[in-house]
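Participant: These protein sequences, in sequence, are chains A and B. End of the first sequence sits at 425 in the UniProt record's numbering; the numbers just go up one at a time, nothing left out. End of the second sequence sits at 425 in the UniProt record's numbering; the numbers just go up one at a time, nothing left out. From the three backbone atoms N, C-alpha and C, an ideal C-beta is built for every residue, glycine too.
Protein chains: 2
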Amino acid sequence: MTIDATHDPALTSWVESANGHRDFPVQNLPLGIFSAEGLERRAGVAIGDFVLDLPAIAEALGDAWLDELAQPVLNGFFALGAEPRRALRARLSELLSDPANRDRIESALIGQSEVTMHLPAIVGDYTDFYVGIHHATNVGRQFRPDNPLLPNYKYVPIGYHGRASSVRVSGKPVVRPSGQRKPPEAEVPVYGKSRRLDYELELGVWIGRGNQLGEPIPIGEAADSIAGYSLLNDWSARDLQAWEYQPLGPFLAKNFLTSVSPWVVTPEALAPFMTADFARPDGDPAPLDYLAGGSDKPGLGLTMEAFLTTAAMREQGVAPLRLSRGRAADAMYWTVEQIVTHHASNGCNLQPGDLIGTGTLSTAAADGLGSLLEISAGGKSPLTLPTGEQRSFLEDGDELTITARAEADGFVAIGLGECRGVVFG
Amino acid sequence: MTIDATHDPALTSWVESANGHRDFPVQNLPLGIFSAEGLERRAGVAIGDFVLDLPAIAEALGDAWLDELAQPVLNGFFALGAEPRRALRARLSELLSDPANRDRIESALIGQSEVTMHLPAIVGDYTDFYVGIHHATNVGRQFRPDNPLLPNYKYVPIGYHGRASSVRVSGKPVVRPSGQRKPPEAEVPVYGKSRRLDYELELGVWIGRGNQLGEPIPIGEAADSIAGYSLLNDWSARDLQAWEYQPLGPFLAKNFLTSVSPWVVTPEALAPFMTADFARPDGDPAPLDYLAGGSDKPGLGLTMEAFLTTAAMREQGVAPLRLSRGRAADAMYWTVEQIVTHHASNGCNLQPGDLIGTGTLSTAAADGLGSLLEISAGGKSPLTLPTGEQRSFLEDGDELTITARAEADGFVAIGLGECRGVVFG
C-alpha cells in the first residue's frame with residue numbers, strides 16, 4: 001500500500017472544519033451514500049462536518065469521475081477495484097486542499113446534520129468471522145472452562161454466514177428481539193423478550209472486486225478485494241444464542257439487526273496506519289500455505305472504543321461511559337487478507353458490496369473487552385455505572401456507540417465515524 | 001388451501017405431452033425464468049414438454065397479466081402474495097385446457113430442450129434448516145453415539161444462514177471444493193480437495209410476501225408467505241465440515257454451491273397433496289405457543305427420490321441407481337409454516353425471493369436416507385453399485401439427481417422436475 005501525497009500531514013483543507021477533525025480530515029476522504037432534501041440517494045465523501053456531493057462535482061473530478069459514481073449504491077464502484085478509487089482519492093485531495101477550487105465546488109457541500117446516511121452498498125451476503133482470539137477465549141471459557149479455545153481455532157479463520165436483509169446503517173433503533181430461552185433451572189424453554197441483549201464491537205469489511213464461483217483468491221491478491229472498512233455492531237441476544245446455537249451456530253440470536261457505520265474508509269486512507277504485528281503469538285502453528293504471505297503490514301492499527309449511555313445518564317447529563325478501548329491489531333488472530341482468502345478458498349464467490357465482519361475485537365487487556373458478555377463475565381460481575389445503575393446486559397433506553405481512530409507518528413489521524421443504536425423494548 | 005376446478009382430474013390439455021406427464025400436467029403449472037434464442041430472460045410456465053412464454057400471451061391472460069410478470073426475475077411477482085398467483089393459475093388452466101385457445105397461444109410454446117433455465121428469483125438471503133429429525137439423529141449418532149439428538153431439537157426449528165451468492169440452478173457443474181481437513185491420526189490439518197463430497201436431499205421454499213424488520217409472522221399467516229417449492233441439493237464437503245464447524249456451524253463445507261430446480265411449484269398446485277401428519281411423534285413436547293396452530297394440513301405429501309449415475313454406469317448404459325425414496329412429511333419434524341414463523345419470530349425480515357432449505361429429508365426407513373453420510377454410515381459401509389464400484393462419497397464424474405412427486409387418490413399426480421449436478425475434480 002503506497003503512502004503518497006494525499007497523506008502529507010501538512011495538507012489542510014479550505015473546508016475549515018476538516019482541519020483537526022476527529023474523523024474526517026482531508027487525509028481520510030471516506031465514501032458513503034446519502035440523501036438530503038431534494039436529493040435522492042447518491043455518492044458522497046465526508047470532509048470535516050460536511051458531505052461532498054460527488055455527482056454535483058462530476059465535471060471538476062474530470063477523469064476521476066465514473067458513471068458508477070452516479071448510482072444510488074456503491075456496488076458498481078466497488079467492483080472496479082483499487083485503481084479508480086485511488087484516482088478519485090487523488091483528485092478529491094487536490095480539489096479539497098487547494099483553495100483555488102473552493103468557488104468551483106463549495107456549493108456541493110452539505111452539512112452532515114442535514115443529510116440522511118444509507119447503507120453504502122446492497123449487501124449481497126454478510127459473513128461474520130471470529131478472529132478476535134481473546135474474545136473467542138473469553139467466551140469459550142464460559143462454556144468450556146478447561147478448554148476455552150477449540151483445536152481448529154489456530155488453523156481455521158472461523159466464520160459463519162449472517163443475515164444480509166437485516167443489516168442497517170448506524171442509528172437504526174434496536175428492537176429487543178423475542179425468542180426461545182431456557183433458564184438453567186427450567187424444564188422447558190420459554191418464548192419472550194431477550195433478557196441478555198448485548199453488543200459486539202467489530203469492524204466491517206466491504207468487498208470490492210470479488211471472484212467467480214469456483215476460483216479462489218490467492219493471499220497475494222486478497223488486499224485487492226477490499227473496498228474499505230466500516231464499524232460494525234453485531235447485536236446479540238445471548239440467552240437465545242445459548243439455547244439455539246448447537247449444532248449449526250448462531251441464528252435468531254444475531255439476525256434481528258446488524259448495524260454498520262455509513263462511511264467506507266478506504267485501504268488507501270488507512271495505508272499509514274497498517275502494522276506488521278497482530279495477535280498471533282510467536283511459537284503458534286504457522287498458517288497453512290494458502291494463508292501464508294500477503295502484505296507486509298496486514299494488521300489494522302485502529303484503536304476502537306465502545307461507549308454506553310443509559311437513559312438515566314442522558315437525563316442527568318452524565319457523559320457516555322467508555323466500556324472498552326483497544327487496538328484491532330491486538331485483537332485479531334487472522335488478518336483481513338487471510339479472512340478474504342479463506343472465505344474464497346473453496347471457490348465461494350465474493351461479490352462487490354458483500355460485507356464481512358471481523359468478529360468481536362477484544363484485546364487481552366481488562367479494559368479492552370468488546371462485549372458485555374465478557375465485561376460482566378456472563379452476567380456474574382455486573383458493571384456499576386456513574387449513576388449507580390448496574391449493567392450485565394443492555395437495558396431498554398441504553399445507547400451503545402462504537403468508534404475507531406487511526407493514529408501514527410508523522411501522520412494526521414483519521415477516524416471511521418461512529419456506529420450507534422438505542423435499545424427499545 | 002382450496003382445492004378448486006384447476007385440480008379436476010378430468011382436466012386435460014391440448015398440449016398433448018402434458019397429459020400423463022410425470023411432472024407437468026395441466027394441474028401443476030409451475031413458474032420459472034427461462035431464456036432461449038432471441039428471447040432474454042423472462043417468466044414462463046412448464047406444461048408437458050414445453051415452456052409457455054408468459055409475456056408473449058399477456059393479452060390472452062387478460063386481468064391475470066401483471067407487469068411484475070414482465071421482469072427477468074420473479075421477486076416482484078412473489079412479493080404480491082397469493083391472490084395474483086391464484087388468478088394466474090386459474091387463467092392458465094383455462095387457456096391450456098380449452099382447445100379453443102390453441103390458435104391464440106400455441107406460438108408462445110417453446111420446447112423445454114430449447115430453453116435455458118435460470119434461478120427464478122434473485123436470492124436475497126438463503127437459510128438452511130435442519131427439520132429432518134431422522135437425518136439429525138443419524139448424523140448426531142456419528143458424533144455423539146449416546147446423545148444423538150440435542151436437547152433443543154424438539155423445541156427449536158434449528159437453522160442457519162447459508163450463502164446466497166453460490167445458489168445456482170440445476171445442472172451447474174459441481175466443482176469439488178478444496179479446504180482444510182484433519183485426518184483423525186494427523187497432528188495438523190492439510191489443505192486440499194475434499195475427499196468426502198456429499199449431497200443433501202432437500203426441498204427449497206421460496207418466500208413470497210415477506211415481513212418488515214421487527215415484525216414477526218404469526219403462524220396463522222405463515223402460509224401466505226410461501227410462494228412455492230423447488231428441489232434443493234445442499235452439496236456438502238463432510239471432511240471440511242467436521243473440522244471447521246465448531247463453534248459457529250457449517251461454512252466453507254457448504255457454501256461452494258447450492259443447487260435448486262428451476263420450476264417453482266406453487267402452494268395452490270400442491271393443495272391436494274398436503275397432509276395433516278408429519279414426523280412429530282405423539283407424546284413429544286408440544287410446540288411453544290408461537291409455533292402452534294397454522295394450517296390443518298401443513299405436511300408435504302411429496303415423495304422424494306435421489307439417483308446416482310457414475311461415469312462407468314453412463315459408459316455401460318446402466319440405469320441410474322436410486323439411492324433413496326421417502327415422503328417429505330415423514331422426514332420433517334417441523335412444518336414449513338413453523339419454519340417461516342420461527343425465522344421471523346425475532347423480527348428478522350424475510351424478503352420476496354429469499355430461499356429456505358428444509359434440511360436433509362431422511363425418513364426412518366433404511367431406503368429413505370437423504371445423504372451418503374447416512375447411507376455409508378460415515379464411510380464405514382460403502383455402497384456397492386451395479387457396476388461393482390463402491391461409493392462412500394461422491395467421486396468425480398458422478399451425477400446426482402433429486403426428484404419429487406406428489407400423488408393422492410382422486411387427483412392427477414404432479415412433480416417438481418429435477419435437480420441435478422455432475423461432480424468435477
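Hey, could you find the ends of the alpha helix (DSSP H) M332(B) is sitting in?
Facilitator: Unbroken run through M332(B): none, as it is neither H nor E.
Participant: In whole angstroms, what is the alpha-carbon distance linking P250(B) and L252(A)?
Facilitator: For P250(B) and L252(A), the distance between alpha carbons rounds to 16 Å.
Participant: Curious, which full-length alpha helix (DSSP H) runs of at least 4 residues does the stretch 336-369 of chain B contain?
Facilitator: Complete alpha helix (DSSP H) runs here, min 4: 336-344.
Participant: Taking the C-alpha atoms as reference points, what is the distance between L203(A) and E337(A)?
Facilitator: About 14 Å.
Participant: Just to confirm the assignment, what range does the beta strand (DSSP E) spanning S178(A) have?
Facilitator: Here the beta strand (DSSP E) through S178(A) covers 178-181.
Participant: If we ignore side chains and look at the alpha-carbon of each, how far apart do V169(A) and R325(B) end up?
Facilitator: Spanning the two alpha carbons is a distance of roughly 47 Å.
Participant: Can you tell me which of S165(A), G214(A), L231(A), P184(A) puts its alpha carbon nearest to the alpha carbon of A404(A)?
Facilitator: The candidate whose alpha carbon is nearest that of A404(A) is L231(A).
Participant: Is it buried or exposed for Q27(B), if we count other Cβ within 10 angstroms and need 16 for buried?
Facilitator: With 16 or more Cβ atoms within 10 Å of its Cβ, Q27(B) is classed as buried.
Participant: Can you pull the DSSP bridge partners for Q390(B)?
Facilitator: Q390(B) is bridged to T384(B).
Participant: When you compare only the Cα positions, how much space is there between R195(A) and A100(A)?
Facilitator: Roughly 57 Å between the two C-alpha positions.
Participant: Can you give the Cα-Cα distance for I57(B) and V412(B), rounded to whole angstroms?
Facilitator: Going by the C-alpha atoms only, they are around 26 Å apart.
Participant: Give me, in chain order, the residues of the same chain whose beta-carbon lies closer than 7 Å to that of G192(A); leave out the 5 immediate sequence neighbours on both sides.
Facilitator: Excluding positions up to five away in sequence, the list reads S178.
Participant: If the cut is a Cβ gap below 7 Å, which residues of chain B does G179(A) touch?
Facilitator: By Cβ distance, chain B contributes S345, N346.
Participant: Excluding sequence positions up to five away, which residues of its chain have a Cβ less than 6 Å from the Cβ of N255(B)?
Facilitator: So the list reads R163, S166, once near-sequence residues are dropped.
Participant: Considering only DSSP beta bridges, list what N233(B) is partnered with.
Facilitator: Answer by DSSP bridge pairing, in chain order: L201(B), S259(B).
Participant: Where do the N-terminal and C-terminal ends of the alpha helix (DSSP H) with R86(A) fall, by residue?
Facilitator: That run of the alpha helix (DSSP H) goes 82-97.
Participant: Find out if the Cβ-Cβ distance for the pair A108(B), D23(B) is shorter than 7 Å.
Facilitator: No, these two residues do not count as a Cβ contact at 7 Å.
Participant: By the criterion of Cβ-Cβ separation under 9 Å, what are the contact partners of V422(A) in chain B?
Facilitator: Those do not exist, as V422(A) stays about 14 Å from chain B at its closest Cβ, beyond 9 Å.
Participant: Ignore the nearest five residues each way along the sequence and tell me which others in P30(B)'s own chain have a CB closer than 6 Å to its CB.
Facilitator: Excluding sequence neighbours, P30(B) sits near A46, W263, V264, V265.
Participant: At what residues does the alpha helix (DSSP H) containing A164(A) begin and finish?
Facilitator: Premise fails: A164(A) is in no alpha helix (DSSP H) and is neither H nor E.
Participant: Indicate the three-state DSSP secondary structure (helix, strand or coil) for V175(B) in the structure shown.
Facilitator: If DSSP states are grouped into helix, strand and coil, V175(B) belongs with the strands.
Participant: Give me the chain A residues within the contact set of Q351(B), using Cβ-Cβ distance strictly less than 8 Å, ordered along the chain.
Facilitator: Neighbours of Q351(B) on chain A, chain order: S165.
Participant: Is it true that the CB of A60(B) sits closer than 7 Å to the CB of L11(B)?
Facilitator: The answer is no: Cβ separation not under 7 Å.
Participant: Pop quiz: S371(A) and L197(A) are said to be a contact at Cβ under 8 Å. What is the actual Cβ separation, rounded to whole angstroms?
Facilitator: S371(A) to L197(A), Cβ: 11 Å. No contact.
Participant: Please classify F424(A): is it buried, with 16 or more other beta-carbons within 10 angstroms of its beta-carbon, or exposed?
Facilitator: F424(A) is exposed by the Cβ-count criterion.
Participant: Mapping DSSP to helix, strand and coil, what is L323(A)?
Facilitator: L323(A): strand per DSSP, three-state reduction.
Participant: Over what stretch of residues does the beta strand (DSSP E) that includes L373(B) continue unbroken?
Facilitator: Looking at the DSSP string, L373(B) is not in any beta strand (DSSP E); the run it does join, the alpha helix (DSSP H), is 372-375.
Participant: By the DSSP assignment, the alpha helix (DSSP H) with E268(A) in it spans what residues?
Facilitator: Segment 267-270, the alpha helix (DSSP H) holding E268(A).
Participant: Going by Cα to Cα distance, which pick from D330(B), G378(B), D224(B), S97(B) is closest to F78(B)?
Facilitator: It is D224(B).
Participant: Measure the beta-carbon distance from I133(B) to A279(B) and round it to whole angstroms, keeping in mind my assumption that it falls under 8 Å.
Facilitator: Confirmed, about 5 Å.
Participant: Would you say F251(B) reaches chain A, if we count a Cβ-Cβ gap shorter than 7 Å as a contact?
Facilitator: So, interface residue.
Participant: Just checking, does the stretch 153-161 of chain B make contact with the stretch 338-355 of chain B on the three C-beta pairs under 8 Å criterion?
Facilitator: Yes, the stretch 153-161 of chain B touches the stretch 338-355 of chain B.
Participant: Could you tell me the alpha carbon to alpha carbon distance between K172(A) and G421(A), rounded to whole angstroms?
Facilitator: So the two alpha carbons sit approximately 6 Å from each other.
Participant: From L80(A), T258(A), I3(A), I375(A), pick the residue whose C-alpha is nearest to that of T127(A); which is it?
Facilitator: Closest by alpha carbon: T258(A).
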